[in-house]
Every structure is written in C-alpha cells, then in structure tokens.
Amino acid sequence: MANSKVEAETPQPEAFWEHCIREMYPGWMHEHYFVPALHVNKTHYVSSSFAGQEVSIPQAPLDAPKVGSGCVLHVSDTRNDSALQRIRHCLQKLAIKQRETMFVISQLDYGDYLRQPCYAAAADSASASASATDAAVRLPRAADLKTRDSRGDFDFLILHRKYGIVVAEVKAVGDNWGDLQLSEEQQTAVVQKRVKDAIKQLDKAERVLAHLVSDQNLAPRILKALFLPGVQASIVRKSLGRDPKELRNLGTCLAADPGADPVDLCLCSDHLSDPEIPWHVTDSVLSRVQQWWNARIVSQP
Numbered sequence: 001m002a003n004s005k006v007e008a009e010t011p012q013p014e015a016f017w018e019h020c021i022r023e024m025y026p027g028w029m030h031e032h033y034f035v036p037a038l039h040v041n042k043t044h045y046v047s048s049s050f051a052g053q054e055v056s057i058p059q060a061p062l063d064a065p066k067v068g069s070g071c072v073l074h075v076s077d078t079r080n081d082s083a084l085q086r087i088r089h090c091l092q093k094l095a096i097k098q099r100e101t102m103f104v105i106s107q108l109d110y111g112d113y114l115r116q117p118c119y120a121a122a123a124d125s126a127s128a129s130a131s132a133t134d135a136a137v138r139l140p141r142a143a144d145l146k147t148r149d150s151r152g153d154f155d156f157l158i159l160h161r162k163y164g165i166v167v168a169e170v171k172a173v174g175d176n177w178g179d180l181q182l183s184e185e186q187q188t189a190v191v192q193k194r195v196k197d198a199i200k201q202l203d204k205a206e207r208v209l210a211h212l213v214s215d216q217n218l219a220p221r222i223l224k225a226l227f228l229p230g231v232q233a234s235i236v237r238k239s240l241g242r243d244p245k246e247l248r249n250l251g252t253c254l255a256a257d258p259g260a261d262p263v264d265l266c267l268c269s270d271h272l273s274d275p276e277i278p279w280h281v282t283d284s285v286l287s288r289v290q291q292w293w294n295a296r297i298v299s300q301p
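Per full-length UniProt numbering, the very first residue in the sequence shown carries number 1; after that it's consecutive.
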C-alpha cells in the first residue's frame with residue numbers, strides 16, 4: 001500500500017514530458033515550431049586582455065587551419081550556417097502559408113536526445129520501473145547503439161503530425177565554386193562525393209530514428225530528404241547521370257518510384273530564396289518549395 005501511495009505521488013515520465021511540452025509549446029497540436037527558434041551562427045572567440053579586463057574577441061573563419069591550432073572556425077562552418085538559414089526561412093514561410101502542424105528541429109546531436117538532467121532522470125526512472133525484459137527498449141537512446149551509429153547529428157528533423165518524421169541531410173556544395181574556379185569535371189566529382197556521403201548519413205540517421213521510436217506500438221513513418229541549397233537540380237542531375245550506380249543508390253535511399261528521377265525529390269538551389277537575401281521568400285519561391293514538399297513529403301506512401 002505504501003509503495004502504491006509513493007507511485008501515485010510521483011509524476012510519471014510521460015506526464016512530466018507532456019507537461020513540459022504544453023508549457024513550452026502551447027500550440028503543439030495545431031501550430032508549427034522551429035527549435036531552436038533562431039539559428040545562431042557558429043563563432044569562435046579567443047580570450048584577450050583590454051584595459052585590465054578579460055574580453056572575448058571573435059575570430060574570422062580560416063580556409064585551412066594549421067594542425068594543432070585548436071578549436072577554430074572553418075569557412076565551411078559559415079557556408080553551412082548560411083545554407084541552414086536559407087532553408088529555415090523557406091520552410092518557415094511554407095509552414096505559415098500551409099498551416100502545417102510540425103516541429104522543425106535543426107542540428108540535433110544524437111547524444112543530446114534525453115540527455116538534459118531533468119529529462120534523463122525521468123527516462124532512467126521510466127526504464128527502472130519497467131520489467132527486466134522491457135527496460136532496455138522502454139526509452140531507447142542513441143547510446144544504446146553500436147559506436148558507428150551512436151554518434152552523429154540530424155541537420156533537420158521534421159516531426160509532422162500528419163506525415164510522420166522527415167530527416168534531412170544538408171550538403172553545402174556549389175556555393176563556392178566561383179572562388180575555387182573548379183572545372184566541370186571537378187564539379188561533377190564533388191557533387192557525386194557529397195551525394196554519396198549524404199546517402200550514407202541518411203541511412204544511418206534512419207537506423208537511429210528507427211531505434212528511438214522502437215518503443216512505440218505504432219512507429220511513425222520515416223522519410224529521408226536531401227537538401228543541396230548551393231547547386232541547381234540540373235547540375236545534380238547531370239553529375240549523377242555520369243554515375244548511374246550512385247543515381248540508383250539515391251533513388252533507393254529516397255524510396256523513389258521505379259523509373260522516377262530521384263533528383264526531383266531533392267531540395268536544390270533553384271527551389272530556394274536568393275542566398276544574398278535568404279529571408280525574402282517570394283511567392284514564386286514558395287510555389288517551388290511547395291512543389292518539392294508535395295513531391296517528397298505529401299505524395300510518398
């Protein structure tokens with residue numbers, strides 16, 4: 001009887017999490033949220049002394065940091081930040097226009113899931129209260145997986161009330177080709193390599209997500225998406241046309257219909273806003289993003 005009383009007075013993890021969600025996101029059942037609400041660009045600071053005070057000075061990104069230079073900001077970091085910002089602006093406009101009910105989470109490290117002390121304590125409590133056979137799968141976390149799958153991050157994770165889970169990999173490729181003066185052959189090789197890397201990362205992300213939702217009686221649908229905000233679809237199509245195997249692999253990864261062009265399911269530069277003014281999402285841009293959304297998210301079985 002005493003144990004029953006203690007259990008009754010102790011909030012259950014599910015109730016605790018639902019309370020937190022309702023407090024932080026009161027419209028979670030009928031609105032959209034972007035987490036974090038604002039994208040913060042990576043910035044590296046070095047400590048210095050000025051007028052007898054310790055100050056932090058932001059450092060410019062480096063093209064090729066020296067070995068042993070410590071934690072520095074790479075040019076690739078700033079390019080990736082710009083790509084993420086551009087995509088966020090377009091997805092936010094889409095969510096507003098179509099009144100989508102979803103959470104859009106960006107740059108979530110696998111290990112951050114249920115890692116905050118308050119959530120981790122509740123998760124451990126739930127697992128401890130489960131039976132010996134159920135405890136390992138009651139509240140799955142990435143740390144349960146093999147090392148090669150337990151480390152990584154989701155560039156974009158869309159949790160949609162109607163369409164399930166969409167995990168997207170972002171490859172900031174193509175936006176610096178003018179500076180690098182790459183030949184067409186070099187551009188082709190870069191696109192092929194980035195797509196190949198993205199396929200591996202998306203397949204890995206799918207395995208991680210499948211594990212994280214394995215405690216659900218009815219697991220949500222998981223869709224994979226590839227975002228290439230710095231390169232036009234025609235260039236991607238031409239590059240992969242020279243590597244039929246990788247084109248087939250992309251089709252398999254994105255679960256494209258037989259005979260369909262998987263590049264049509266990728267979100268590319270020509271779908272998005274002008275990189276110089278990424279926040280200015282015109283009606284024509286929104287229309288192109290909607291076309292991609294319908295092809296990749298809505299129309300997929």
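Yeah, the Cβ is synthetic: ideal placement off N, Cα and C, and Gly gets one too.
Quick caveat: nothing in here was measured; it's all calculated off a predicted structure.
Per DSSP, GLY164 is one residue of the beta strand (DSSP E) stretching across 164–170. Counting of Cβ neighbours within 10 angstroms places LYS245 among the exposed residues, the total staying below 16.
Given a length threshold of 4 residues, each whole run of the alpha helix (DSSP H) inside the region 194–282 is given here in chain order: 233–241, 244–253.
With fewer than three CB-CB distances shorter than 8 Å, the region 244–259 does not count as touching the region 280–291. Of ASN80, GLU100, ILE96, the smallest CA-CA separation from SER106 is found for ASN80. A direct Cα-Cα distance of roughly 8 Å separates ARG99 from HIS30. Taking the CA atoms as reference points, LEU247 sits about 57 Å from GLN53. At the C-beta level, ASP270 and GLY230 stay beyond 9 Å of one another.
Spatial neighbours of GLN290 in its own chain (CB-CB distance under 8 Å, excluding positions within 5 residues in sequence) are listed in chain order as LEU94, LYS97, GLN98.
Close CB contacts of GLN201 within its chain, under the 6 Å cut and outside five residues either way in sequence, are with GLU169 (chain order). Contact annotation: VAL208 and LYS171 have beta-carbon atoms that are not nearer than 9 Å. In the structure shown, GLU184 adopts helical secondary structure according to DSSP, grouped into three states. Spatial neighbours of VAL213 in its own chain (CB-CB distance under 7 Å, excluding positions within 5 residues in sequence) are listed in chain order as ALA219, PRO220. In this structure, DSSP gives TYR110 a helical state, which the three-state scheme calls helix.
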